[in-house]
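A short write-up of the structure that comes next.
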Amino acid sequence: MPKDHGIGASSKRREDVRFLSGRGVYTDDMALHGQTYAVFVRSNVAHGRIKSIDTSAASKMPGVLAIFTGEDFKDVGGNPAGWLINSRDGTPMREPKRPVLAHGKVRHVGDAYAAVVAETYNQAKDAAQQLADDSDIEELPAIVDMKKAVADSSNRVHDEIPDNLCFDWGWIEDNRAAVDAAFKSAPHVTTLELVNNRLVPNAMEPRSSIGEYNPGTGDYKLTTTSQNPHLTRLLVAAFVLGIPENKLTVVAPDVGGGFGSKIYHYGEEALVLAASRKLGRPVRWTAERTESFLTDAHGRDHVTKIEMASTKDGEILAIRTETLANVGAYLSNFSTATPTFLHGTLMAGPYKVPHVYVNVKTVFTNTAPVDAYRGAGRPEATFSIERIVDKMCRELNLDPFEVRRKNLIQPDQFPYTTPVGLVYDTGNYQATLDKLIELADVKNFDKRAAASKAKGKLRGMGLSTWIEACGIAPSNLVGVLGSRVGLYDAATVRVNATGNISVMTGAHSHGQGHETVFAQIVAEKLGIPESSVEIVHGDTSKIPFGMGSYGSRSLAVCGAAMTKAVDKIIAKGKKIAAHMLEAAEGDITFEDGKFSVAGTDKAKTFGEIAFSAYVPHNYPLETLEPGLEETAFYDPANFTYPAGAYLCEVEVDPETGKVDIASFTCADDFGHVMNPMIVEGQVHGGVGQGIGQALLENTSYDENGQLLTASYMDYAMPRADDVPFYTVDHSCVTPCTHNPLGVKGCGEAGAIGSPPAVVNAVIDALHRGGHTHVKHIDMPVSPARVWSAING
Amino acid sequence: MHNFDFVKPATIADAVKALSAEGAQALSGGQTLTPTMKQRLAAPSLLVSLTGIAEMKGVCMGDDGLSVGAATTHATVAKEAAAHYPALAALAGGIGDPAVRNRGTIGGSIANNDPAACYPAGVLGSGATVVTNRRRIAADDYFQGMFSTALEEGEIVTGVTFPVPEKAAYVKFNQPASRFALTGVFVAKFKDGVRVAVTGASNNGVFRWAEAEKALSSNFAASAVEGLTVSADDMIGDLHGTPAYRANLVKVLTKRAVAAAQ
Amino acid sequence: MTKVTMTVNGKAVSAEVEGRTLLSAFLREGLGLTGTHVGCDTSQCGACVVHVDGKAVKSCTMFAADADGAQVKTIEGMNNPDGSLSVVQQAFQDHHGLQCGFCTPGMVMSSAALLAENPKPTEAEIRHYLEGNICRCTGYHNIVKAVLAASGQDAAALAAE
């Protein structure tokens, strides 16, 4: 019988009631007295020198209150990169300033170089168009292709960076000679060049920000679409505008999805604050969808050559990769970490690979900044590894299931130290593979293939066994790796006098269901109903601190902080109970919401203890403060390592090249699961995005740097009829060894494990159909590409 | 978008009169025009909504075929034409999505003549007659290339009359993002011959595939098309498919449409 | 300016609007009914779907003036009279058919329109009907399940879990 409440129960989400009734409050839903509207003037060329901006006509237009250009922000700070990466030769990365508004040059289509604030949106829009017409921007040759960018020093995204290279990173440089030697003596080497396609995150809620300055107090408030309000506060306050941190509140209310794109601070947030200070009125801005396409941080965009050395029977001996990673025109906050420490460190996958070397060159181009998008670096690593394992199997005529099984780290080998710097704490990769083979009914594949053939379709099956590093994470480790921030999290558990509870979490929920799941955990631990626990998030004035939600970290890091704070509450409760029950503290036990004296029937309920803490008439005031509120910060000892095995079956229409997903099966190990319903939903969503990357989504710039896929007319989002029902399982559990809940994180898994399974399935289908000349098709594996591959 | 005045006349005569004003533009379902205006790519000073004109709405079967009022939504055609002309109803039921079909109209679609729209294939493939406030225009004369039609200044489509074939089918291959036709083929078999109209594929907009019509007129079977080749010259090449790919789709979808029409 | 009068969620409303005022903007800014969301500019995403005279339409692609005289229903009008969730809404909660909630109002309005037309849709019919509503969170699995359940079908069995 499944649990109906607390940890492990599929509690229905409490937040759904407001969302389903139209009562969610997203940033753009807020109407403020005296509000004004900002509209940005954005470059329509990819690369250009700003020669002049004549504001005279626009400033006289109806309703116009203020105009800002790059000149207004040239003396304030830039939006910094969060990670400092050194090149192989020890030199630090090149870090050009990312200003609030472009100054001197515009560097990608959509780069904002001016902003208009007016009484109404349409007035601001009209004046912005006038300002665009009155701007003289000399178009320069666009730098779009990464290979050309590093080869041609005459054309520069940033004048001070001659080769357009941010850094040239080797991981791990000291291992390079041994890796090269392993390749020299290897019986077989498989080589694959591939593109990990650039994606636009496309949270359904466009970015939106409201700045409010209170001239009476000098306080600022930024309401914004953020996964990470404290980081935004830190960046705006300390780095960009120079506002004291204690004079700035950042609120992230209901946020309509993020997937990484809303982790970062963007210039629009600084602009609305600065404009509000100037005008003394609220200033609001909401992106149109095309602005989102042009300016939200994109994801992926790697060009990789991967080589795998193996024996003739498929034992992996070494992996070597060379990657060009696009960072776009400016460094977004995590853009230097994504292709390096979230990618290179995963390049051993779940396998016993003795030798691995990863080289990543990050390249500036005249395109939108690229940063972490669901999975961030780990999908790129997984795709490269799982594609080349499959190619190796084909070259050596080996069974892809058996080759993977042979190479997987064995359950008794944990903790396992990889050659790329990670220590996997626990796992059982055989178990998830076995579970997958059973759930996906692999043994009857041939029957299904025959049925497909009868319809004129080619059926194929593709496998992926993958691992990720999540719960991003230990400050000491990320500090060594170049992070400029700590990556702990924090929570406050406030027991109110009447015994109900408010929990303030640093994690921010924008679809993950924290308001429900976190309450389940607290309720279980305190033996009280879930309805007595309220989760508060997304407001820096209410929450102690937090590093936000991304990297599948909310539960593993913030959930752990919350658990620690609850433990502190229980510990204090025991002290109060000992006093009230006239017993020794060591004799007090806490179970099912009751503090009892061990071996007696003397007990106090949780509510009685809470009341006593706030009405301390019978209370150990000489040794204990009244009140019942605890805060904990938690900084884990390691990343967590969710892992799993995915299988995709496709049907390919050989006449049109259209690929249909016939089935998709996931066997995951997420450690302990707090709410199965929500975990399954996270996997569904991740797999949906992974199928999108594999089959549909393509971000395409032409040679002039114009974004050809700047709306849903050309950027293919997965729709309901593009995907099947998924089969998901999380019954294989190896609990994380170093966080109190034993959880690993599940938010990114689907997006990480699925793309190679889809592409492997397509290649398999084509081979089974006799098209054995097709070795690889780059994503998205669109009908036209499949057809060309078949007929090429 | 730029501001404009909005009127919603109740008769064709009033609509035509309103449209004679400088900067006036007809608004039918608005499913294409509205997004275009948001992008400021169109900026009429007066929008004349045609959706309030009762005489331009409805589906009715008559001696000369199935008449569809220009302001009839795709959803209505999908429902009400089903008994009379199932292939046309199916075409209408596959345009856009349900919300788009509840607003978009046949008149709006063929007046715009988007090279990837479905209706032009149905109208041309059926050999239908486009009725305007001034005249009747044969489909073969009406479509004049991408976004171009025989309509003159001040002329609006008021209806379309479709002869009903013995057999017909429309097969559409979706552009994966917009869900417009990457290529769509409408095949109609009449007593005196077969018509094959192709949308989505050509730089010249909807067109008839004469060779296939000839082959299918003597043998209405998918195999009749097998030996034909489609030239990739003048086919659209974009992110979603090369000219050669579209040429392939023309043939594949024609075969499938013939099979579906059996 | 044009005067428009319509009934929104059962209440008569009347206002002067500019020609360019979209129905979505009229609902959100004019009436404060912010449950209707705007997620794109090209009539693709479906977050803005409302019912006009009983039919699902994209309110970001219809001018308020064109809705003069119409009966409009938004997500705020979907709850039962006692405030509880209606059958479709409840099925979305029961089957976890939403995550961030942004596409949800449009998804619910489209699903309700589907069920009005087709009380027992198949999985394929549901997926086809919802092609004009984009969700980035759920991978659609639980949305389709929710609609099956709202139609009284055994969603768990049909989703082969």
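These protein sequence lines map, in sequence, to chains A, B and C.
Using the UniProt record's numbering, you'd call the opening residue of the first sequence number 1 and step up by one each time.
Using the UniProt record's numbering, you'd call the opening residue of the second sequence number 1 and step up by one each time.
Using the UniProt record's numbering, you'd call the opening residue of the third sequence number 1 and step up by one each time.
Positions of the beta carbon are idealized from the N, C-alpha and C atoms, including for glycine.
From this set, A/Asp587, A/Pro253, A/His672 and A/Ala182, which residue's C-alpha is nearest A/Thr224's C-alpha?
In the first sequence, the residue the question calls residue 224 of chain A occupies position 224. Cα-wise, what sits closest to A/Thr224 is A/Pro253.
Output needed in chain order: residues of the segment 707-739 of chain A with a Cβ under 8 Å from some Cβ in chain C.
Answer set for the segment 707-739 of chain A: Ser711, Tyr712, Met713, Met717, Pro718, Arg719, Ala720, Asp721, Val723, Phe725, Tyr726 and Thr727.
Cβ pair count under 8 Å reaching 3, the segment 220-228 of chain B against the segment 147-164 of chain B
no
Name the residue from C/Asp154, C/Arg127, C/Met109 and C/Gly10 whose alpha carbon lies nearest to the alpha carbon of C/Val57.
Counting from 1 along the third sequence, the entry for residue 57 of chain C is found at position 57. Taking only the C-alpha atoms, the option nearest C/Val57 is C/Met109.
On a CA-only basis, which of A/Pro411, A/Ser11 and A/Ala348 is nearest A/Phe383? Give me that one, please.
In the first sequence, counting from the first residue as 1, residue 383 of chain A sits at position 383. Ranking A/Pro411, A/Ser11 and A/Ala348 by Cα distance to A/Phe383 puts A/Ala348 first.
When you check each C-beta in the segment 134-161 of chain C against every C-beta of chain B, which residues fall closer than 7 Å?
none
A/Thr362 lies in the beta strand (DSSP E); which residues open and close that run?
By 1-based counting over the first sequence, the position of residue 362 of chain A is 362. Its beta strand (DSSP E) spans residues His355 to Phe364.
Identify whether A/Met461 lies in helix, strand or coil by the three-state DSSP scheme.
On the first sequence, position 461 is the one that residue 461 of chain A refers to. In the structure shown, A/Met461 sits in a strand (DSSP, three-state: E or B).
Whole beta strand (DSSP E) elements within the segment 497-547 of chain A, 3-residue minimum:
501-505 and 533-537
What is the DSSP secondary structure of A/Gln430, counted as helix, strand or coil?
Taking the first residue of the first sequence as position 1, residue 430 of chain A is located at position 430. Three-state result, A/Gln430: helix.
What does C/Ala63 touch in chain A if you count any residue whose Cβ is under 9 Å from its own?
The count along the third sequence starts at 1 and reaches residue 63 of chain C at position 63. At residue 63 of chain C the sequence reads Phe, which differs from the Ala that was named. Here the premise fails: no neighbours, minimum Cβ distance about 14 Å.
According to the neighbour-count rule (16 or more other Cβ atoms, all chains shown, within 10 Å of its Cβ), is A/Ala561 buried or exposed?
Looking up residue 561 of chain A in the first sequence gives position 561. Buried, by the Cβ-count rule.
Can A/Ile472 be considered in contact with the ligand PLP, in the sense that its beta carbon sits closer than 8 Å to one or more heavy atoms?
Absence of the ligand PLP from the depicted structure is noted, as is the absence of any ligand whatsoever, leaving it without description.
Identity of the residue in B/Gly184, B/Thr129, B/Cys60 and B/Phe190 nearest B/Ser217 by Cα
Against the second sequence, residue 217 of chain B aligns to sequence position 217. Measuring from the Cα of B/Ser217, the nearest candidate turns out to be B/Phe190.
For A/Gln123, would you say it is in contact with chain C, using Cβ-to-Cβ distances shorter than 9 Å as the test?
Walking along the first sequence from the start, residue 123 of chain A turns up at place 123. At a cut-off of 9 Å between C-beta atoms, A/Gln123 does not count as an interface residue with respect to chain C.
Interface residues of chain F around A/Trp787 at Cβ under 7 Å?
The structure shown contains no chain F; its protein chains are A, B and C.
Between the segment 53-80 of chain C and chain A, which residues of the former have a C-beta closer than 7 Å to a C-beta of the latter?
Thr74, Ile75, Glu76 and Asn79
Presumed contact (8 Å Cβ cut-off) between A/His355 and A/Ala318, rounded CB distance
Counted from its first residue, the first sequence places residue 355 of chain A at position 355. Counted from its first residue, the first sequence places residue 318 of chain A at position 318. That belief holds up - the Cβ atoms of A/His355 and A/Ala318 are roughly 4 Å apart, short of 8 Å.
Report, in whole angstroms, the separation of the C-beta atoms of B/Pro176 and C/Asp41, which I expect to be a contact under 8 Å.
Position 176 of the second sequence, counted from the start, is the residue given in the question as residue 176 of chain B. Position 41 of the third sequence, counted from the start, is the residue given in the question as residue 41 of chain C. That belief does not hold up - the Cβ atoms of B/Pro176 and C/Asp41 are roughly 19 Å apart, past 8 Å.
Quick one: list the residues of chain A neighbouring B/Ser178, beta-carbon separation under 8 Å, in chain order.
Translated into positions along the second sequence, residue 178 of chain B becomes position 178. In chain order: Tyr712, Met713 and Asp714.
So what does DSSP say about A/Cys736, is it helix, strand or coil?
Against the first sequence, residue 736 of chain A aligns to sequence position 736. Note: A/Cys736 maps to coil in three-state DSSP.
Pick out whichever of A/Tyr121, A/Thr345, A/His302 and A/Leu433 has its Cα sitting closest to the Cα of A/Glu288.
Position 288 of the first sequence, counted from the first residue, corresponds to residue 288 of chain A. It is A/Tyr121.
Looking only at its own chain, which residues have a Cβ that is under 7 Å from the Cβ of A/Thr737, when we skip the five neighbours before and after it?
Here residue 737 of chain A refers to the residue found at position 737 when the first sequence is read from its first residue. Excluding residues within five positions, the ones whose Cβ falls inside 7 Å are Asp425 and Thr426.
Taking only beta-carbon atoms, is C/Leu22 less than 9 Å away from chain B?
Reading the third sequence from its first residue, position 22 is the one you call residue 22 of chain C. So yes, C/Leu22 belongs to the interface.
Please compile the residues from chain B whose C-beta is within a distance smaller than 8 Å of the C-beta of C/Val49.
On the third sequence, residue 49 of chain C is found 49 positions in, with the first residue counted as 1. Within 8 Å Cβ-Cβ: Ala99.
Tell me whether the beta-carbon of C/Asp53 lies closer than 9 Å to the beta-carbon of C/Gln71.
Working through the third sequence from its first residue, we reach residue 53 of chain C at position 53. Working through the third sequence from its first residue, we reach residue 71 of chain C at position 71. In contact: C/Asp53 and C/Gln71 (Cβ atoms closer than 9 Å).
Please classify B/Gly184: does DSSP put it in a helix, a strand, or coil?
Start at 1 with the first residue of the second sequence, and residue 184 of chain B comes out as number 184. If DSSP states are grouped into helix, strand and coil, B/Gly184 belongs with the strands.
Using a Cβ cut-off of 9 Å (strictly closer), state whether C/Glu131 contacts chain A.
Your numbering for residue 131 of chain C matches position 131 in the third sequence. Chain A contact via Cβ: present.
Using 8 Å as the cut-off, can you tell me whether the segment 49-62 of chain A makes contact with the segment 444-451 of chain A, which would need three or more C-beta pairs spanning the two stretches below that distance?
no
Go through its chain and collect everything with a Cβ distance to A/Ser208's Cβ below 6 Å, but skip five positions before and after it.
Counting from one through the first sequence, the residue named residue 208 of chain A turns up at place 208. Excluding sequence neighbours, A/Ser208 sits near Thr27, Asp28, Thr225 and Thr286.
Mind checking which residues open and close the beta strand (DSSP E) that includes B/Pro5?
Here residue 5 of chain B refers to the residue found at position 5 when the second sequence is read from its first residue. This sequence places Asp at residue 5 of chain B; Pro is not what is there. That run of the beta strand (DSSP E) goes Asp5 to Val7.
My understanding is that A/Arg107 touches A/Asn333, with C-beta atoms under 8 Å, so please give their C-beta distance in whole angstroms.
Position 107 of the first sequence holds residue 107 of chain A. Position 333 of the first sequence holds residue 333 of chain A. Going by Cβ atoms, the distance from A/Arg107 to A/Asn333 rounds to 17 Å, so no, they are not a contact pair.
For A/Val522 and A/Glu629, what's the separation of their Cα atoms in angstroms?
In the first sequence, residue 522 of chain A corresponds to position 522, counting from 1. In the first sequence, residue 629 of chain A corresponds to position 629, counting from 1. In a straight line, the C-alpha of A/Val522 is about 13 Å away from that of A/Glu629.
Among A/Val759, A/Gly769, A/Gly770 and A/His771, whose alpha-carbon lies nearest the alpha-carbon of A/Met779?
Within the first sequence, the letter at position 779 stands for residue 779 of chain A. Out of A/Val759, A/Gly769, A/Gly770 and A/His771, A/Val759 has the C-alpha closest to the C-alpha of A/Met779.
What is the rounded straight-line gap between the Cα of A/Pro755 and the Cα of A/Asp399?
For this step, residue 755 of chain A is matched to residue 755 along the first sequence. For this step, residue 399 of chain A is matched to residue 399 along the first sequence. When rounded, the distance between both Cα atoms is 20 Å.
Closest residue to C/Ser84 among A/Gly104, A/Lys74, A/Arg18 and A/Lys147 (Cα-Cα distance):
Against the third sequence, residue 84 of chain C aligns to sequence position 84. Here the closest residue by C-alpha is A/Arg18.
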